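Written out below as structure tokens is the structure these notes cover.
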Amino acid sequence: MTLTQQDIDREIAAEHVAYEKRVADGAPVEHHPRRDYAPYRSSMLRHPKRTPVAIDLGKDPEAVELHSPAFGERDITEIDNDLTRQHTGEPIGERITVSGRLLDRDGRPVRGQLIEIWQANSAGRYAHQREQHDAPLDPNFTGVGRTLSDDEGRYHFTTIQPGPYPWRQHLNAWRPAHIHFSVFGTAFTQRLVTQMYFPSDPLFPYDPIIQSVTDDAARQRLIATYDHSLSVPEFSMGYHWDIVLDGPRATWMEEGR
Ligand SMILES: [Fe+2]
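Under the numbering used here, the final residue of the sequence shown carries the number 604; numbering is consecutive throughout.
Spelled out as structure tokens, the structure:
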């Protein structure tokens with residue numbers, strides 16, 4: 348039987364009611380989605396089912412690094428955070444600037460951190476060989492960028508407004524427009540991955556991925572705000588989005604918790 352949007356809507360509503368009841372009964376606020384959030388079907392299949400393997404850092408602090416990638420500040424070039432200048436021509440779509448700060452639980456800046464993004468193009472297509480959406484590719488847009496946070500914890504990207512795209516979990520499933528973010532700590536095992544969304548997206552109620560963050564306030568923290576001071580005259584629209592690594596205002600992360 349075909350899984351419909353109505354089926355998913357019912358499941359999302361039931362999960363939300365169950366969450367509100369848990370909190371009313373005294374359970375703690377959930378800043379992060381449960382790993383087996385049923386309306387997002389693949390979360391049932393992909394979440395870890397065993398206890399993580401503990402590594403004795405006292406015994407061999409570098410063992411954990413043996414299988415991780417290496418990177419350094421010198422590898423980042425001046426145009427890595429400008430996704431509109433990585434090819435010979437200009438990409439199609441609405442130019443945007445996205446900026447914010449990487450902060451710890453007390454609002455202190457987290458400096459010198461590698462922040463990476465990846466996203467679909469303006470037609471909602473990823474430049475990836477496993478992409479299945481048949482929207483047009485843009486030869487002038489790869490959709491990948493990176494930068495280091497500065498002394499105030501601030502990051503800055505120039506890119507193209509990504510389009511929404513369909514996926515095949517259920518009939519007529521669409522993802523709200525979003526940008527994937529990755530933040531490295533000081534080791535590969537500290538990497539955190541999340542998603543940034545755009546204000547007032549009509550797809551929010553229908554998307555089981557953003558709805559898997561069942562707490563309303565936590566979900567709102569994934570949505571950037573339009574910031575006129577970040578808009579560049581005659582060039583781009585500005586969006587502001589802070590990433591908070593820990594504490595009661597933490598940004599939801601996909602892994603590493
Ligand atoms: Fe995506």
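Note that the Cβ used here is the ideal one computed from N, Cα and C, for glycine as well. Fair warning: this is a prediction, and the values are worked out from it, not measured in the lab.
Exercise. Thinking C-alpha only, which one of Pro580, Pro375, Ala524, Asp453 is nearest Ile557?
Worked result: Of the listed residues, the one whose Cα sits closest to Ile557 is Ala524.
Exercise. Helix or strand or just coil, what does DSSP make of Tyr366?
Worked result: DSSP, reduced to helix, strand and coil, places Tyr366 within a helical segment of the structure shown.
For this session: Answer yes or no: do Tyr504 and Asn428 have a C-beta to C-beta separation smaller than 8 Å?
Result: Tyr is not the amino acid found at residue 504; the sequence shown has Phe there. Yes, the pair counts as a contact, with Cβ atoms nearer than the cut-off.
For this session: Could you check what DSSP says for Arg393 in three-state terms: helix, strand or coil?
Result: Three-state DSSP puts Arg393 in a helix.
For this session: Thinking His378 and Trp599 are a contact (beta carbons under 8 Å), I'd like their distance in whole angstroms, please.
Result: For a cut-off of 8 Å, the C-beta gap from His378 to Trp599 is around 6 Å, short enough to register as a contact.
Exercise. In chain order, what residues of the same chain have a beta carbon less than 8 Å from the beta carbon of Pro486, not counting five sequence neighbours either side?
Worked result: Answer for Pro486: His434, Gly436, listed in chain order.
Exercise. Does DSSP put Leu518 in a helix, in a strand, or in coil?
Worked result: Note: Leu518 maps to coil in three-state DSSP.
For this session: Tell me where the beta strand (DSSP E) around Gln542 begins and ends.
Result: Note, Gln542: beta strand (DSSP E), 539–544.
For this session: Return yes when the C-beta of Ala597 is under 7 Å from any heavy atom of ligand 2, and no when it is not.
Result: For ligand 2, the structure offers nothing, since it holds only ligand 1.
Exercise. Mapping DSSP to helix, strand and coil, what is Asp429?
Worked result: Strand at Asp429.
Exercise. According to the neighbour-count rule (16 or more other Cβ atoms, all chains shown, within 10 Å of its Cβ), is Ile355 buried or exposed?
Worked result: Counting the other Cβ atoms within 10 Å of the Cβ of Ile355 gives 16 or more, which makes it buried.
Exercise. Would you say His475 touches ligand 1, meaning its beta carbon is less than 7 Å from a heavy atom?
Worked result: Distances from the CB of His475 to the heavy atoms of ligand 1 are all 7 Å or more.
For this session: Give the straight-line distance between the Cα atoms of Gly471 and Leu461, rounded to the nearest whole angstrom.
Result: Our two residues, Gly471 and Leu461, have alpha carbons roughly 26 Å apart in a direct line.
Exercise. Can you tell me the Cα-Cα spacing of Pro399 and Ala597, whole angstroms?
Worked result: Whole-angstrom Cα-Cα distance: 22 Å.
Exercise. Thinking C-beta only, is Ser559 closer than 8 Å to Arg442?
Worked result: It is not a contact, given that the beta carbons lie outside the stated cut-off.
Exercise. Does the Cβ-Cβ distance between Leu518 and Val530 come in under 8 Å?
Worked result: No, the pair does not count as a contact, with Cβ atoms beyond the cut-off.
For this session: Could you pull out every residue in the same chain whose Cβ sits closer than 7 Å to the Cβ of Val370, ignoring the five residues on either side in sequence?
Result: Val376, listed in sequence order.
For this session: May I have the straight-line CA-CA distance separating Ala365 from Tyr384, to the nearest angstrom?
Result: Taken atom to atom, the span from the alpha-carbon of Ala365 to that of Tyr384 is near 12 Å.
For this session: For His527, verify whether its CB is less than 7 Å away from any heavy atom of ligand 1.
Result: Within the cutoff, so yes.
Exercise. Measuring CB to CB, does Gln537 end up less than 8 Å from His527?
Worked result: No, Cβ-Cβ distance for Gln537 and His527 is not below 8 Å.
For this session: Pick out whichever of Thr444, Ala360, Arg458, Ser390 has its Cα sitting closest to the Cα of Phe545.
Result: Closest by alpha carbon: Thr444.
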